[in-house]
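Asks: Sending over a structure as structure tokens; questions will come in a sec.
In the working numbering, the protein residues as written are 4 to 166.
What follows is the structure, given as structure tokens:
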């Protein structure tokens, strides 16, 4: 039996995370909005909510929005890590943008004369290589790319800055 997309995403992420990081997968079937992963990097903590999408839509529950918002108000670091299918592109959003992700998903706009065109990409065209240099996500994206090394570098940097 094959794994569901989020379980496959978690397996790949786990294989690529540094072995000296403390990573705990939270299996919370009761709701409450607690993110999927707790990570401790060199004594600094962060939380990650994993999401997989085949289109631009990202399914974020009201409980997840509230949890991330409250946690970030207390100066905690939390993120939504979104993987787009069928591409390998990853998008990392700060936890404070949960509501924006729920409303807009992973949409792109192009800056032109100060305006933002909020067009979206269909599944199959979610490929960072197809974005022109003026494209950006409508919801502010902290990091995006298709390598786990880039993600790891960003997460490490984000914990270094939280001192």
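Backbone N, C-alpha and C fix where the C-beta goes; we use that ideal spot for every residue, glycine too.
Scan the stretch 55–118 and note each continuous alpha helix (DSSP H) run of 4 residues or more that stays entirely inside, going in chain order.
Replies: 65–76 and 101–107
Asks: Does the count of Cβ pairs from the stretch 43–62 and the stretch 9–23 closer than 8 angstroms reach three?
Replies: Between the stretch 43–62 and the stretch 9–23, the count of C-beta pairs closer than 8 angstroms reaches three or more; the two stretches touch.
Asks: Helix, strand or coil for residue 164? Go by DSSP, reduced to three states.
Replies: In the chain shown, the residue the question calls residue 164 occupies position 161. Helix, per DSSP.
Asks: Go to residue 18, then tell me how far its alpha helix (DSSP H) extends in each direction, as first and last residue.
Replies: Along the chain shown, read from residue 1 onward, the residue named residue 18 stands at position 15. Note, residue 18: alpha helix (DSSP H), 8–19.
Asks: Give the straight-line distance between the Cα atoms of residue 13 and residue 55, rounded to the nearest whole angstrom.
Replies: Start at 1 with the first residue of the chain shown, and residue 13 comes out as number 10. Start at 1 with the first residue of the chain shown, and residue 55 comes out as number 52. Near 10 angstroms, if we compare the C-alpha coordinates of residue 55 and residue 13.
Asks: Could you compute how far the alpha carbon of residue 60 sits from the alpha carbon of residue 105?
Replies: As a working mapping, residue 60 is identified with position 57 in the chain shown. As a working mapping, residue 105 is identified with position 102 in the chain shown. In this structure, the alpha-carbon of residue 60 lies about 8 angstroms from that of residue 105.
Asks: Look up residue 26 in the DSSP assignment and give the residues it is bridged to.
Replies: The residue given as residue 26 occupies position 23 in the chain shown. Paired residue(s): 42.
Asks: Only counting the same chain, and skipping five residues up and downstream in sequence, which positions put a Cβ closer than 7 angstroms to that of residue 69?
Replies: Walking along the chain shown from the start, residue 69 turns up at place 66. Hits under 7 angstroms: 36.
Asks: With distances taken Cα to Cα, identify the nearest neighbour of residue 18 among 164, 64, 155 and 163.
Replies: For this step, residue 18 is matched to residue 15 along the chain shown. Ranking the options by Cα distance to residue 18, first place goes to 155.
Asks: Determine the contact status of residue 84 and residue 94, defining contact as a CB-CB distance below 9 angstroms.
Replies: Here residue 84 corresponds to residue number 81 of the chain shown, with the count starting at 1. Here residue 94 corresponds to residue number 91 of the chain shown, with the count starting at 1. Against a cut-off of 9 angstroms, the Cβ pair of residue 94 and residue 84 comes out as a contact.
Asks: Kindly indicate which three-state DSSP category residue 36 falls into: helix, strand or coil?
Replies: Residue mapping note: residue 36 aligns to position 33 of the chain shown, counting from 1. The answer is coil: DSSP assigns residue 36 none of H, G, I, E or B.
Asks: Measuring straight from C-alpha to C-alpha, what distance separates residue 2 and residue 162?
Replies: In this structure the chain extends from 4 to 166, so residue 2 is not present and cannot be described.
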